[in-house]
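Add 39 to the 1-based position in the sequence shown for the numbering used here, that's all there is to it.
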Amino acid sequence: MSGSPNALRRVLANPFAAIVIVALAWWIAVPLFKIEPRFLPPISVVFADGMSVWRDLAAGLWRTLLETVLGFLAGAILGIAFGVGFAYLRFLERAFFPIFVALQTVPVIAFGAIVVIWFGNTIMAKVVIALYLAFFPVAVNTLRGLETTDPQRIALMKSFGASGLQLFLKLALPTALPSIMIGLKLGISLSLAGAIVGEWFGDTVGLGVMLLQSLYFEQIPRVWVLIVACGALGTVLYGFLALIERRFVWWRPD
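Next comes the structure, spelled out in structure tokens:
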């Protein structure tokens with residue numbers, strides 16, 4: 040009897056099982072509770088609509104994926120660099136950290152409009168918007184991770200003649216990596232949101248473009264297709280980073 044709850048928990052812990060459960064609940068709930076299509080169309084209608092535009096959907100997924108990954112990589116590199124700089128050069132933190140905090144209060148729509156004015160309706164504009172959203176959580180988590188380095192371990196390594204670079208590579212960075220991974224997982228989700236919002240300012244391909252068009256023409260099933268597509272893309276990207284974390288950053292700081 041005790042094995043049954045454990046087996047059930049293992050099944051429910053599987054993300055694919057959760058997807059199947061949600062799909063079944065959607066399939067059953069719409070006719071059972073007579074939900075109006077304008078609130079939630081039947082899953083069969085959403086699936087059929089998605090299949091009717093699968094070529095455009097595939098092209099949009101690829102374009103949005105490219106913008107998201109490029110923006111995330113640039114934001115991650117800059118975020119880690121600034122986080123390290125803030126940790127070791129305190130005057131940089133005092134000078135620039137408040138500015139970065141203030142920038143995060145600027146609505147992405149307003150920032151996106153400025154970026155489009157600068158770069159035009161190009162892929163670069165979408166990448167910059169994705170970078171803007173990914174940068175801050177990576178920088179903050181890098182800084183906080185480096186600040187958790189044990190001073191006693193630093194003193195011990197210094198007593199054995201460790202250089203500053205050795206202290207960083209062998210102690211500070213490994214200590215900070217779990218925190219950095221948290222920032223990266225937050226950053227990849229925000230990068231996707233930034234890429235989609237960036238496409239609203241004018242483009243011909245992308246999930247954001249299709250979403251805006253479906254909202255304009257009130258194509259409710261198409262809206263749900265794109266919600267599912269965006270959620271699936273975000274889940275895959277987040278899961279990829281979670282897999283890297285589980286494989287290479289399995290430890291936790293004391």
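Using N, Cα and C, we set each Cβ at its ideal position, and we do this for glycine too. All values derive from a computational prediction rather than experimental measurement.
Residues in its own chain within less than 7 Å of V154 by CB, not counting five upstream and five downstream?
On the sequence shown, residue 154 is found 115 positions in, with the first residue counted as 1. Cβ within range, chain order: A164, V167, I168.
Roughly how many angstroms lie between the CA atoms of I266 and S228, to the nearest whole one?
The sequence position of residue 266 within the sequence shown is 227, counting from 1. The sequence position of residue 228 within the sequence shown is 189, counting from 1. Spanning the two alpha carbons is a distance of roughly 14 Å.
Inter-residue spacing [alpha-carbon to alpha-carbon] between P54 and I82
By 1-based counting over the sequence shown, the position of residue 54 is 15. By 1-based counting over the sequence shown, the position of residue 82 is 43. Roughly 19 Å separates the two Cα atoms.
Option in E106, G278, G226, T144 with minimal Cα separation from D242:
By one-based count along the sequence shown, residue 242 stands at place 203. Among E106, G278, G226, T144, the Cα nearest to that of D242 is on E106.
Exposure of A145, with buried meaning 16 or more beta-carbon neighbours within 10 Å
Taking the first residue of the sequence shown as 1, we reach residue 145 at position 106. Note on residue identity: the sequence assigns Val, not Ala, to residue 145. Looking at its Cβ environment, which holds fewer than 16 other Cβ atoms inside 10 Å, V145 is exposed.
Report the rounded CA-to-CA distance for I148 versus E238, giving the unit in angstroms.
Locating residue 148 in the sequence shown gives position 109, counting from the first residue. Locating residue 238 in the sequence shown gives position 199, counting from the first residue. Distance between the alpha carbons of I148 and E238: 11 Å.
Quick one, which of V179, L246, G99, A271 has its alpha-carbon nearest G124's?
Against the sequence shown, residue 124 aligns to sequence position 85. For the residues V179, L246, G99, A271, the minimum Cα distance to G124 belongs to V179.
Compare the beta carbon distance of L210 and R192 with 9 Å and say whether it is the shorter of the two.
Taking the sequence shown and counting its residues from 1, the one referred to as residue 210 is at position 171. Taking the sequence shown and counting its residues from 1, the one referred to as residue 192 is at position 153. Yes, the pair counts as a contact, with Cβ atoms nearer than the cut-off.
Tell me which same chain residues have a C-beta within less than 6 Å of the C-beta of Q143, skipping the five on either side of it?
Here residue 143 refers to the residue found at position 104 when the sequence shown is read from its first residue. Only F175 meet the Cβ criterion.
Inter-residue spacing [alpha-carbon to alpha-carbon] between D88 and V262
Sequence index remark: in the sequence shown, residue 88 carries index 49 (1-based). Sequence index remark: in the sequence shown, residue 262 carries index 223 (1-based). Roughly 10 Å separates the two Cα atoms.
What's the call for M40, buried or exposed, on a 16-neighbour Cβ count within 10 Å?
Here residue 40 is taken as the residue at index 1 of the sequence shown, counted from 1. Low local confidence applies: a pLDDT of 49 at M40 is under 50, so the model's placement there is unreliable, with the coordinate-based value given in what follows. Result: exposed.
Segment contact, 8 Å Cβ cut-off, at least three pairs: the segment 272–281 with the segment 219–233:
yes
Where does T161 land, buried or exposed, given buried means 16+ other C-beta within 10 angstroms?
As a working note, residue 161 is residue 122 in the sequence shown. Exposed, since its Cβ has fewer than 16 Cβ neighbours within 10 Å.
State buried or exposed for F78, treating a residue as buried only when at least 16 other CB atoms are found within 10 Å of its CB.
Stepping through the sequence shown from its first residue, residue 78 is reached at position 39. Exposed: under 16 other Cβ atoms inside 10 Å.
Specify the secondary structure class of M40 as computed by DSSP and reduced to three states.
Translated into positions along the sequence shown, residue 40 becomes position 1. At M40, the pLDDT of 49 sits below 50, so the modelled position is not reliable and the matter cannot be decided from this model.
Same chain only: Cβ atoms within 7 Å of D95, ignoring 5 sequence neighbours per side:
Here residue 95 corresponds to residue number 56 of the sequence shown, with the count starting at 1. So the list reads M249, once near-sequence residues are dropped.
Could you check how far apart the C-beta atoms of P260 and V85 are, in whole angstroms? I think they sit under 8 Å.
Working through the sequence shown from its first residue, we reach residue 260 at position 221. Working through the sequence shown from its first residue, we reach residue 85 at position 46. Contact holds; Cβ gap of about 5 Å.
With DSSP as the reference, label L128 as helix, strand or coil.
Taking the sequence shown and counting its residues from 1, one reaches residue 128 at position 89. L128: coil per DSSP, three-state reduction.
Thinking just about the alpha-carbon of each residue, which of G99, Y171, A64, S202 is nearest to the one in Q252?
The residue you call residue 252 lines up with position 213 of the sequence shown. Selected option, being the one with the closest Cα: G99.
Roughly how many angstroms separate the alpha carbons of R286 and I219, rounded to a whole number?
Counted from its first residue, the sequence shown places residue 286 at position 247. Counted from its first residue, the sequence shown places residue 219 at position 180. Looking at the two C-alpha atoms, the distance is approximately 15 Å.
V97 versus W290, L185, C269, residue with shortest Cα-Cα distance
Within the sequence shown, the letter at position 58 stands for residue 97. Val is not the amino acid found at residue 97; the sequence shown has Ala there. When each option's Cα is compared against that of A97, the closest is C269.
Between which two residues does the alpha helix (DSSP H) harbouring R261 extend?
Taking the sequence shown and counting its residues from 1, one reaches residue 261 at position 222. Taken as a continuous stretch (DSSP letters only), the alpha helix (DSSP H) holding R261 covers 259–287.
Close Cβ partners of P80 (< 7 Å) along its chain, the five nearest in sequence each way excluded
Counted from its first residue, the sequence shown places residue 80 at position 41. Excluding residues within five positions, the ones whose Cβ falls inside 7 Å are I259, P260, W263.
Straight-line Cα distance separating L63 from F72:
Residue numbering aside, residue 72 sits at position 33 when the sequence shown is read from its first letter. Residue numbering aside, residue 63 sits at position 24 when the sequence shown is read from its first letter. The alpha-carbon atoms of F72 and L63 are separated by roughly 14 Å.
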